[in-house]
Amino acid sequence: MSTNPTSPQPSRCTFTLPTLITFTLLLTPPPPAAAEDDVNYLRGLLRSLRDPDHTLSSWNFNNNTAGFICRFDYVGCWNDQENRVISLKPADLGLAGTFPSDIRFCKNLQTVDLSGNNITGEIPTELCTWLPYLVDINLSGNRFTGQIPSGFGDCAFLNIIDFSSNRLSGNIPVQLSMVGGG
Ligand SMILES: *[C@@H]1O[C@H](CO)[C@@H](O)[C@H](O)[C@H]1NC(C)=O
Ligand SMILES: *[C@@H]1O[C@H](CO)[C@@H](O)[C@H](O)[C@H]1NC(C)=O
Ligand SMILES: *[C@@H]1O[C@H](CO)[C@@H](O)[C@H](O)[C@H]1NC(C)=O
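Using my numbering, you'd call the opening residue of the sequence shown number 2 and step up by one each time.
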């Protein structure tokens, strides 16, 4: 991954993002590409997040029947017979650690709700490269710091972003405001 040499100097001014940004585009992403990496993603997620209340310990990776991850709590699949995750919503569980970068294995994700947890570090700038079909993402109520990532223009279907109640700094990138067409 090359870094963008034109990235602006991080602002020292830190503030809570005003509530949320809602876009009203109603696009339907194309059907998902075949992906059997989603199992790896969920395993990786467990590795990168701390789960103090052991809420996710019910995720049992030992039963490898088709679609077995679709029966996990907080996981939704495109259809129950295939391990292709469409939504991941482990919200309000006190999860700590940093943003799970193994989410890149989960190309077909449309909905991510990690709100109300205790996640620290930066929101990855590669988010939209990893998740091209992302429609809505809610990271509110965590302890994310750093710059709001740029590059949201790569998320062609992004409809709802809620990054409120974190410790993010900087402005919403131009690409982000272009998602809604203006
Ligand atoms: C694996 O999961 C399927 C679907 O939930 C269930 O029917 C089956 O009994 C499970 N197998 C084992 C060995 O637990
Ligand atoms: C978040 O993490 C801090 C430090 O580990 C801990 O003191 C606090 O109770 C946690 N908050 C929640 C809501 O889990
Ligand atoms: C994001 O999650 C928070 C906490 O669960 C909720 O209050 C808020 O309405 C959600 N944002 C959106 C845009 O749905």
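Think of the CB as a built atom: it goes at the ideal place given N, C-alpha and C, for glycine as much as any other residue.
Report back the beta-carbon spacing between A97 and P53 to the nearest angstrom; my notes put them in contact at under 8 Å.
Along the sequence shown, read from residue 1 onward, the residue named residue 97 stands at position 96. Along the sequence shown, read from residue 1 onward, the residue named residue 53 stands at position 52. Between P53 and A97 the Cβ distance is about 7 Å, and since that is below 8 Å, they are a contact.
Looking only at C-alpha atoms, which of C156, E123, G147 and R144 sits nearest to L135?
What you label residue 135 is simply residue 134 of the sequence shown in a count that begins at 1. Closest option to L135, Cα to Cα, is C156.
Just how far apart, CA to CA, sit Q111 and N160?
Mapped onto the sequence shown, residue 111 falls at position 110. Mapped onto the sequence shown, residue 160 falls at position 159. Straight-line Cα distance between these residues: approximately 10 Å.
Which residue from I87, E123, W131 and L115 puts its Cα closest to that of R105?
Walking along the sequence shown from the start, residue 105 turns up at place 104. The shortest Cα separation from R105 among I87, E123, W131 and L115 belongs to W131.
Inspect the beta-carbon positions of G171 and G142 and report whether they are closer than 8 Å.
The count along the sequence shown starts at 1 and reaches residue 171 at position 170. The count along the sequence shown starts at 1 and reaches residue 142 at position 141. Not in contact: G171 and G142 (Cβ atoms no closer than 8 Å).
Considering only C-alpha positions, which residue in the set C129, L115, L43 and F158 is nearest to N167?
In the sequence shown, counting from the first residue as 1, residue 167 sits at position 166. When only C-alpha atoms are compared, the closest one is L115.
State the DSSP-derived secondary structure class of D163, mapped to helix, strand or coil.
Numbered from its first residue, the sequence shown carries residue 163 at position 162. D163: strand per DSSP, three-state reduction.
So within the region 50-137, which uninterrupted alpha helix (DSSP H) runs reach at least 4 residues, ignoring any that extend past its ends?
Counting only runs of 4 or more, we get 128-131.
Just verifying my parser: in three-state terms, what is the DSSP assignment at G142?
By 1-based counting over the sequence shown, the position of residue 142 is 141. Coil.
With a threshold of 16 other CB atoms inside 10 Å of the CB of R48, please say whether the residue is buried or exposed.
One-based indexing of the sequence shown puts residue 48 at position 47. By the 10 Å Cβ count, R48 comes out exposed.
Verify the contact flag: A200, CB atom, against every heavy atom of ligand 2, threshold strictly below 7 Å.
Given a span of 2 to 183 for the chain in the structure shown, any question on residue 200 remains unanswerable.
Ligand 2: which residues have Cβ under 5 Å from any of its heavy atoms, chain order?
Per the Cβ criterion, the list is G95 and N119.
If you draw a straight line from the C-alpha of I138 to the C-alpha of N63, how long is it?
Position 137 of the sequence shown holds residue 138. Position 62 of the sequence shown holds residue 63. Computed Cα separation, rounded: 29 Å.
Mapping the DSSP letters down to three states, classify G147 as helix, strand or coil.
Within the sequence shown, residue 147 is the residue found at index 146, counting from 1. Three-state result, G147: strand.
According to DSSP, what are the bridge partners of R168?
Numbered from its first residue, the sequence shown carries residue 168 at position 167. Answer is T146.
Suppose you measure from the CA of R44 to the CA of P125; what does that come to, to the nearest Å?
Here the question's residue 44 lines up with position 43 in the sequence shown. Here the question's residue 125 lines up with position 124 in the sequence shown. Distance between the alpha carbons of R44 and P125: 19 Å.
Round the Cβ separation of C129 and G152 to the nearest angstrom and send it over; I've been treating them as touching at under 8 Å.
As a working note, residue 129 is residue 128 in the sequence shown. As a working note, residue 152 is residue 151 in the sequence shown. 6 Å between Cβ atoms; contact.
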